[in-house]
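In the working numbering, the protein residues as written are -14 to 480.
Quick look at the structure:
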């Protein structure tokens, strides 16, 4: 149905068929149009346009067998995206590498690569059952018919510098799926989007075979400017087969920040909980072209955030969602974060911070240990969108100790959208105070969203009336706070 529906839409919208009587394109039987022509009869331009819009990979695969002409058109489209599950069926990666070595023009068409861990299935559901299955079924050795081809195609990875370090060896490339994946990536010069699940370093214990080997092969090549030079978007995800806590280390992805065209980095479940255990971030300060940096469900210490942010020349978007899947203690220090972000104040225009899941498990803020951003936030003159907990702006003054800044004293002048995603003591008092000076201190503010803990209709209506009178251009909204769910295991691993 998908390919037929796509053909129907394209035929109706393509200028090639404008003015052509419907009777020549097809006839009606009930409400279904039946085309007299197959896609193989379409002009090259239209066939390419139709097939390019088919999202289902199995449909694209089936199209390969419809005719030699459609095979020629479809194959480059099919290879625009390669998504591979490791440690499950290595012949699939062997087939892809073989095809790219024999057809280098296809390798230049690859724009997206996803390398993932195996998903639970009937044969295995955790590491222990995978081990039993793998002992009998898992074979990553390249077929003898392909050995000569793989050897010839991997000479760029078998450089003397790498051989001196012991990796990769010919044995690795012939027998280890991780090395074969690295070879595939190295063959594709125009990759723009790359997803890697569970990036590992040699200091971590392997879970499957040699998990770290992929990056140990790629990192020297990246440093030498030999691969992934067109990469724009990196996604790294921790989604362990066995579940549990933990996550990837920042050191495993630091080398990617050296890439000249990398603009967006998304990390899901990064685990750097302590400054003392943090491994240095390899990318030198203010050298990376990354403009958008987002962490989700992560536990990242101040030192880790500072070095990662500091590596960027002109960061425009920053976000961090602490804890979540990886519930664990990590210091959240807004002043230290402000200090790290200050170097980006001339470029940063969007910031999102969420601490709800972290503080739900480790409520150290009840002891007054969470200082706010402070007045340095006013120096961010390009900041347009701010989505943060109230404690980041006004502190956590549950016992009315005082000494914290008012909302009016910390908000950047050019802010347009402000969302306070978590409640804090004295927040409504601060909002009431801010209403009378809103247009003076933040003249561009248009939307203010308050995430409440408990609804107080009278107070909320009073504040809305006050804003309507004193700051009519500002839309004030109160929304229910998000429910904290530490057991939600869904992870967005899209590329």
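Just so it is clear, CB atoms sit at the ideal spot from N, CA and C, and this is done for glycine as well.
Note that the structure is a prediction, hence the values are computed from the model and not measured.
Exercise. Which of the three DSSP states, helix, strand or coil, is assigned to residue 149?
Worked result: Numbered from its first residue, the chain shown carries residue 149 at position 164. Residue placement at residue 149 cannot be trusted, given a pLDDT of 48 that sits under 50; what the coordinates show is reported in the next sentence. Note: residue 149 maps to helix in three-state DSSP.
Exercise. Do you know how far the Cα of residue 105 is from the Cα of residue 146?
Worked result: What you label residue 146 is simply residue 161 of the chain shown in a count that begins at 1. What you label residue 105 is simply residue 120 of the chain shown in a count that begins at 1. Confidence in residue 146 is poor, its pLDDT being 47 and thus under 50, which makes the residue's placement too unreliable to answer from.
Problem set entry | Opposing strand residues paired with residue 100 [DSSP bridges] | By 1-based counting over the chain shown, the position of residue 100 is 115. Answer is 69 and 181, bridged to residue 100.
Exercise. Looking at C-alpha atoms only, which residue of 339, 418 and 408 is the closest neighbour of residue 394?
Worked result: In the chain shown, the residue the question calls residue 394 occupies position 409. Selected option, being the one with the closest Cα: 418.
Exercise. To the nearest angstrom, how far is it from the Cα of residue 289 to the Cα of residue 63?
Worked result: Numbered from 1 along the chain shown, position 304 holds the residue referred to as residue 289. Numbered from 1 along the chain shown, position 78 holds the residue referred to as residue 63. The alpha-carbon atoms of residue 289 and residue 63 are separated by roughly 39 Å.
Exercise. Taking just the CA atoms, how far does residue 177 sit from residue -2?
Worked result: Walking along the chain shown from the start, residue -2 turns up at place 13. Walking along the chain shown from the start, residue 177 turns up at place 192. Since pLDDT at residue -2 reaches only 41, below the 50 mark, its modelled position is unreliable, and no value is offered.
Exercise. Nearest-angstrom Cα distance between residue 275 and residue 329?
Worked result: Here residue 275 refers to the residue found at position 290 of the chain shown. Here residue 329 refers to the residue found at position 344 of the chain shown. So the alpha carbons of these two residues sit roughly 12 Å apart.
Exercise. Going by other Cβ atoms of all chains shown within 10 Å of its Cβ, with 16 needed for buried, is residue 343 buried or exposed?
Worked result: Taking the chain shown and counting its residues from 1, one reaches residue 343 at position 358. When all chains shown are included, residue 343 counts as buried.
For this session: Could you give the DSSP three-state label for residue 414: helix, strand or coil?
Result: Working through the chain shown from its first residue, we reach residue 414 at position 429. Three-state result, residue 414: helix.
Problem set entry | Member of 296, 262, 252 and 300 whose CA lies at the smallest distance from the CA of residue 280 | Here residue 280 corresponds to residue number 295 of the chain shown, with the count starting at 1. Out of 296, 262, 252 and 300, 252 has the C-alpha closest to the C-alpha of residue 280.
Exercise. What is the rounded straight-line gap between the Cα of residue 214 and the Cα of residue 409?
Worked result: The residue given as residue 214 occupies position 229 in the chain shown. The residue given as residue 409 occupies position 424 in the chain shown. Straight-line Cα distance between these residues: approximately 45 Å.
Exercise. Going by alpha carbons, who is nearest to residue 199 out of 123, 270, 259 and 100?
Worked result: As a first step, residue 199 must be located in the chain shown, where it is residue number 214. If we check each option's Cα against that of residue 199, 100 comes out closest.
For this session: Kindly list the residues whose CB is nearer than 7 Å to the CB of residue 54, restricted to its own chain and excluding five residues on each side of it in sequence; keep chain order.
Result: Position 69 of the chain shown, counted from the first residue, corresponds to residue 54. These residues qualify, in order along the chain: 25.
For this session: Locate the beta strand (DSSP E) running through residue 319, then write down its first and last residues.
Result: Here residue 319 is taken as the residue at index 334 of the chain shown, counted from 1. Looking at the DSSP string, residue 319 is not in any beta strand (DSSP E); the run it does join, the alpha helix (DSSP H), is 319 to 327.
For this session: Output the distance between the C-alpha atoms of residue 405 and residue 435, rounded to the nearest integer angstrom.
Result: Along the chain shown, one-based indexing puts residue 405 at 420. Along the chain shown, one-based indexing puts residue 435 at 450. Distance between the alpha carbons of residue 405 and residue 435: 5 Å.
For this session: Pick helix, strand or coil for residue 53, following the three-state DSSP scheme.
Result: Locating residue 53 in the chain shown gives position 68, where the first residue counts as 1. In the structure shown, residue 53 sits in a helix (DSSP, three-state: H, G or I).
Problem set entry | Cβ neighbours of residue 367 in the same chain (closer than 6 Å, five flanking residues each side left out) | The residue you call residue 367 lines up with position 382 of the chain shown. Taken in chain order, the residues that qualify are 334.
For this session: Find the nearest neighbour of residue 426 within the set 407, 450 and 400, judged by alpha-carbon distance.
Result: On the chain shown, position 441 is the one that residue 426 refers to. The option with the nearest alpha carbon to residue 426 is 400.
For this session: Report the three-state DSSP secondary structure of residue 358 (helix, strand or coil).
Result: Here the question's residue 358 lines up with position 373 in the chain shown. Reduced to three states, the DSSP call for residue 358 is coil.
Exercise. Whole-angstrom Cβ separation of residue 58 and residue 36, contact assumed at under 8 Å?
Worked result: Within the chain shown, the letter at position 73 stands for residue 58. Within the chain shown, the letter at position 51 stands for residue 36. The Cβ separation is near 6 Å, so the contact holds.
For this session: Take residue 88 as the anchor and find which of 169, 293 and 164 has the nearest alpha-carbon.
Result: For the purposes of this step, residue 88 is taken as residue 103 along the chain shown, with counting starting at 1. Among 169, 293 and 164, the Cα nearest to that of residue 88 belongs to 169.
Problem set entry | For residue 277, the nearest candidate out of 220, 249 and 414 (CA to CA) | Working through the chain shown from its first residue, we reach residue 277 at position 292. The shortest Cα separation from residue 277 among 220, 249 and 414 belongs to 249.
Exercise. Among 255, 72, 263 and 258, which residue has its Cα nearest to the Cα of residue 112?
Worked result: For this step, residue 112 is matched to residue 127 along the chain shown. Nearest option by C-alpha distance: 72.
Problem set entry | Rounded distance between the beta-carbons of residue 134 and residue 203, thought under 8 Å | In the chain shown, the residue the question calls residue 203 occupies position 218. In the chain shown, the residue the question calls residue 134 occupies position 149. Incorrect: roughly 21 Å between the Cβ atoms, too far for contact.
Problem set entry | Close Cβ partners of residue 237 (< 7 Å) along its chain, the five nearest in sequence each way excluded | Translated into positions along the chain shown, residue 237 becomes position 252. The residues are 184, 185, 186 and 200.
Exercise. If you drop the 5 nearest sequence neighbours on each side, which residues of the same chain put their C-beta closer than 7 Å to that of residue 171?
Worked result: Taking the chain shown and counting its residues from 1, the one referred to as residue 171 is at position 186. Excluding residues within five positions, the ones whose Cβ falls inside 7 Å are 141, 142, 206 and 212.
Exercise. Based on the DSSP secondary-structure assignment, which residues constitute the bridge partners of residue 464?
Worked result: In the chain shown, residue 464 corresponds to position 479, counting from 1. Answer by DSSP bridge pairing, in chain order: 436.
For this session: Round the Cβ separation of residue 222 and residue 160 to the nearest angstrom and send it over; I've been treating them as touching at under 8 Å.
Result: What you label residue 222 is simply residue 237 of the chain shown in a count that begins at 1. What you label residue 160 is simply residue 175 of the chain shown in a count that begins at 1. Contact doesn't hold; Cβ gap of about 27 Å is too wide.
Exercise. Does the Cβ of residue 389 have 16 or more other Cβ atoms within 10 Å, making it buried, or fewer, making it exposed?
Worked result: Position 404 of the chain shown, counted from the start, is the residue given in the question as residue 389. It counts as buried.
For this session: Tell me whether residue 286 sits in a helix, a strand or coil according to DSSP, three-state version.
Result: Working through the chain shown from its first residue, we reach residue 286 at position 301. Three-state DSSP puts residue 286 in coil, outside helix and strand.
Exercise. Nearest-angstrom Cα distance between residue 131 and residue 74?
Worked result: Along the chain shown, one-based indexing puts residue 131 at 146. Along the chain shown, one-based indexing puts residue 74 at 89. Straight-line Cα distance between these residues: approximately 17 Å.
Exercise. Skipping 5 residues on each side, what residues in its chain have a beta carbon closer than 7 Å to that of residue 195?
Worked result: On the chain shown, position 210 is the one that residue 195 refers to. Counting only Cβ-Cβ distances below 7 Å, and skipping sequence neighbours, we find 161 and 163.
Exercise. At which residues does the alpha helix (DSSP H) containing residue 47 begin and terminate?
Worked result: Sequence index remark: in the chain shown, residue 47 carries index 62 (1-based). Looking at the DSSP string, the run of the alpha helix (DSSP H) that includes residue 47 is 42 to 48.
For this session: Counting only the same chain and skipping the five closest in sequence on each side, list residues whose C-beta sits under 6 Å from that of residue 139.
Result: Locating residue 139 in the chain shown gives position 154, counting from the first residue. Counting only Cβ-Cβ distances below 6 Å, and skipping sequence neighbours, we find 158 and 168.
For this session: Count the other C-beta atoms from every protein chain shown that fall within 10 angstroms of the C-beta of residue 50, then say buried if there are 16 or more, exposed otherwise.
Result: What you label residue 50 is simply residue 65 of the chain shown in a count that begins at 1. Flag for residue 50 reads exposed.
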